[in-house]
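J.:
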Amino acid sequence: MPAVIETQRLVLRPWRVGDLAEAEVLFALASDPQVGPRCGWMPHHTVRDSLETIAHVFTGAGNRAITLRGDDRPIGCVELRPMNDDLVAAVRGAARSGALADDCALDEASLTALTAGAAQELGYWLGRRYWGHGYMTEALRAMLRRAFADLNAPAVWGEHHLSNPASGRVMERCELRPVCVRRGVWYPLTKERHDCLVRMLPAARTDRSGE
Numbered sequence: 001m002p003a004v005i006e007t008q009r010l011v012l013r014p015w016r017v018g019d020l021a022e023a024e025v026l027f028a029l030a031s032d033p034q035v036g037p038r039c040g041w042m043p044h045h046t047v048r049d050s051l052e053t054i055a056h057v058f059t060g061a062g063n064r065a066i067t068l069r070g071d072d073r074p075i076g077c078v079e080l081r082p083m084n085d086d087l088v089a090a091v092r093g094a095a096r097s098g099a100l101a102d103d104c105a106l107d108e109a110s111l112t113a114l115t116a117g118a119a120q121e122l123g124y125w126l127g128r129r130y131w132g133h134g135y136m137t138e139a140l141r142a143m144l145r146r147a148f149a150d151l152n153a154p155a156v157w158g159e160h161h162l163s164n165p166a167s168g169r170v171m172e173r174c175e176l177r178p179v180c181v182r183r184g185v186w187y188p189l190t191k192e193r194h195d196c197l198v199r200m201l202p203a204a205r206t207d208r209s210g211e
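Structure representation (structure tokens):
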């Protein structure tokens with residue numbers, strides 16, 4: 001996957017480890033109590049929190065800072081990562097037990113294949129002042145193309161709290177369809193449990209996921 005990914009309005013680039021100015025911009029976004037808890041993490045309390053997050057959390061191969069063209073300051077974060085084992089188990093368990101979303105027509109064999117190999121999972125958040133402009137939809141579409149073209153993912157998965165339907169609408173616009181609900185998902189950073197709607201886009205539908 002390219003280090004820098006450009007779209008019509010955005011540049012997705014690696015975070016700069018040890019860069020104080022970068023951490024200060026992140027802190028201004030991540031200290032907002034309306035942002036982190038929706039994604040399973042606590043608001044940042046100090047710039048040091050933000051420095052450490054960049055150094056130890058945002059260093060994954062598929063993690064990118066979201067910036068606006070012509071302005072290099074981060075406005076949010078988007079990530080592709082290998083699908084985690086708990087999510088794989090939840091999807092396969094729902095398929096076995098028949099606990100799939102009403103409009104999910106996939107069978108157990110299909111879902112097993114779509115959670116195998118290089119299957120990817122999305123993570124993302126955006127600073128509150130940038131909500132409502134379509135930036136995250138644009139960033140996710142770019143990452144979806146990279147997942148299928150560069151990582152050979154059979155599918156890309158994502159999930160959001162049922163209490164955060166706005167995140168679900170972003171996924172819906174990117175054609176990630178409901179698969180199942182995970183009940184009581186534990187978030188260790190916030191020490192909370194949430195019911196989460198699991199969504200998925202298979203590689204076969206990527207021809208309709210462009211900008």
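Residue numbering for the sequence shown follows full-length UniProt numbering, beginning at 1 and increasing consecutively.
Beta carbons are placed, not taken as given, at the ideal position from N, Cα and C, and that holds for glycine.
The structure presented is a predicted model; accordingly, all values stated were derived computationally and were not measured.
Please list the terminal residues of the continuous alpha helix (DSSP H) segment that includes Val185.
T.: Where Val185 is concerned, there is no enclosing alpha helix (DSSP H), although the beta strand (DSSP E) it sits in stretches over 177–187.
J.: Residue ranges of each beta strand (DSSP E) run of no fewer than 3 residues wholly in the stretch 96–174, ordered along the chain?
T.: Runs found: 120–126, 155–161.
J.: With a CB to CB cut of under 6 Å and the five nearest residues on each side skipped, what residues in its chain are close to Ala116?
T.: No residues qualify anywhere along the chain.
J.: If I measure Cβ to Cβ from Ala184 and keep anything under 6 Å in the same chain, skipping five residues before and after, which residues do I get?
T.: The sequence shown places Gly at residue 184, rather than the Ala named in the question. So the list reads Arg193, once near-sequence residues are dropped.
J.: Run through DSSP, which three-state label would Ala203 get?
T.: DSSP places Ala203 in helix when its eight states are reduced to three.
J.: Looking at Trp41 and Leu140, is the spacing between their C-beta atoms short of 9 Å?
T.: No, these two residues do not count as a Cβ contact at 9 Å.
J.: Taking just the CA atoms, how far does Leu26 sit from Val156?
T.: The straight-line gap from Cα to Cα measures roughly 26 Å.
J.: Between Ala95, Val170, Arg145, Met200, which lies nearest to Gly62 when the distance is taken from Cα to Cα?
T.: Selected option, being the one with the closest Cα: Arg145.
J.: CA-CA distance, Thr53 and Ala204?
T.: When rounded, the distance between both Cα atoms is 35 Å.
J.: Can you tell me where the alpha helix (DSSP H) holding Ala55 begins and where it ends?
T.: Segment 47–56, the alpha helix (DSSP H) holding Ala55.
J.: Does DSSP put Arg69 in a helix, a strand or coil?
T.: Arg69: coil per DSSP, three-state reduction.
J.: Can you have a look at Ser163 and say buried or exposed, based on whether 16 or more other CB atoms are within 10 angstroms of its CB?
T.: Counting Cβ neighbours within 10 Å, Ser163 comes out exposed, since fewer than 16 surround it.
J.: Tell me whether Gly76 sits in a helix, a strand or coil according to DSSP, three-state version.
T.: In the structure shown, Gly76 sits in a strand (DSSP, three-state: E or B).
J.: By the DSSP assignment, the beta strand (DSSP E) with Arg38 in it spans what residues?
T.: Premise fails: Arg38 lies in the alpha helix (DSSP H), 36–39, not in any beta strand (DSSP E).
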